[in-house]
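Down below is the structure, laid out as structure tokens.
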Amino acid sequence: MAFQFLHRLASRTGWSYLLCFILRSMGVSGSCRRTTLIARGFGWSALIVVGAALTVVELAVAQDVLVVPFVMDSVVAIQSAAERIVSDYVAVITEVTGDPSYVPTIEIVNTPNLAYFNRRTGQIVLPHWASMEGPSRDFFASLSWTEAQAEELFTMLFNWFLVAHELTHWFQQEAGITLDRYSSEAMANHFAVAFHMRAAGGEERLLRLEELLEGVLFRLVDPTPEGEDAAAFFNANYAALARDPSCYGYYQFRFILDSIAHRDELDFEMLVSQYGGQS
């Protein structure tokens with residue numbers, strides 16, 4: 000049964016990503032590229048069978064860790080996973096800076112803006128791939144080689160990584176942090192990477208996200224005109240850029256890749272402490 004469980008997950012997420020998680024369970028650390036090489040040395044099928052029991056046990060006992068951000072069809076599953084991220088994120092904010100004025104809630108609904116923090120209602124709005132139709136779905140499908148890859152990228156990005164990103168916009172509001180758009184987005188991605196690095200398997204997931212983003216970024220064109228400063232152009236044209244998924248996606252993907260590249264320099268508690276006293 001454990002092997003069948005892993006086989007079903009692998010068919011949705013890809014064997015290399017799943018093997019990163021299995022090897023993590025077996026105590027083997029390192030990047031997805033290195034773990035895949037190790038897997039070949041052990042033998043793929045043998046490693047999967049051995050790792051299956053360990054993985055299922057870890058999934059069963061790790062109640063305090065958001066373990067598996069795999070593709071989820073259910074709105075309830077996405078909501079539950081996002082609420083766990085909110086709980087863990089807010090717990091650190093509370094520990095470092097004190098009780099917040101309120102805790103943001105999660106709403107799963109498809110909108111043209113996909114994922115965002117609503118400052119008026121205090122909600123973090125997230126999309127749902129399985130029920131999404133129209134330009135947003137077509138855009139991600141056009142970036143990816145397969146439907147499965149598009150779904151994996153979309154879910155990992157909007158239902159996992161960007162939850163912490165949007166929580167950082169909530170934290171900016173709580174702490175009274177005022178930044179220009181470019182700096183605000185850069186900060187949100189730094190915080191999100193630092194937060195996810197704290198979780199078991201977090202680095203492997205970030206490296207998988209990095210791999211997916213690098214695989215699609217070449218399909219997008221840098222909107223910054225030649226000779227202009229990227230930050231100045233982004234700030235001056237934010238409203239127009241935000242309406243164009245290919246333009247805004249380029250900047251956001253670049254932000255995320257830059258933050259992942261600096262992951263070893265980012266400490267979540269230190270960032271919260273640094274920015275939490277600015278109000």
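As numbered in numbering that gives the first Met the number 0, residues 0 to 278 make up the sequence shown, in order.
Each residue gets a CB set at the ideal place from its N, CA and C atoms; glycine is no exception.
At which residues does the beta strand (DSSP E) containing residue i begin and terminate?
i	result
V124	Q122 to L125
Leaving out five residues on either side along the sequence, give the residues of the same chain with a beta carbon under 7 Å from the beta carbon of residue i.
i	result
R180	F233, N234 and Y237
P222	L240, C246 and Y249
E173	P99 and S100
E165	A114, Y115, F116 and I123
N109	P126, H127, S130 and M131
Three-state secondary structure (DSSP) at residue i?
i	result
E203	helix
E227	coil
T104	strand
N117	strand
M186	helix
R83	helix
M196	helix
Let me confirm a value: residue i is counted as buried when at least 16 other C-beta atoms fall within 10 Å, else exposed. Which label applies?
i	result
H261	exposed
P103	buried
S135	buried
A193	buried
N188	buried
L152	buried
Could you name the residues of the same chain whose beta carbon sits closer than 8 Å to that of residue i, not counting the 5 residues immediately before and after it, in chain order?
i	result
M196	E202, L205, R262, L265 and F267
L256	E209, L212, E213 and L216
Can you tell me the Cβ-Cβ gap for residue i and residue j, rounded? I've got them flagged as a contact below 8 Å.
i	j	result
I107	Q78	5 Å
A191	T167	6 Å
V95	S143	Not quite, the Cβ-Cβ distance comes to about 38 Å (not below 8 Å), so this is no contact.
E209	I259	5 Å
V220	I92	Rounded, the Cβ-Cβ distance is 37 Å, inconsistent with contact.
Span of the alpha helix (DSSP H) holding residue i?
i	result
F267	F267 to G275
T167	L161 to A174
L256	P244 to A260
M155	E146 to M155
F217	Premise fails: F217 is in no alpha helix (DSSP H) and is neither H nor E.
Note down, in chain order, each residue of its chain lying with its Cβ closer than 6 Å to the Cβ of residue i, except the 5 sequence neighbours on either side.
i	result
W169	P103 and F116
V162	A81 and I84
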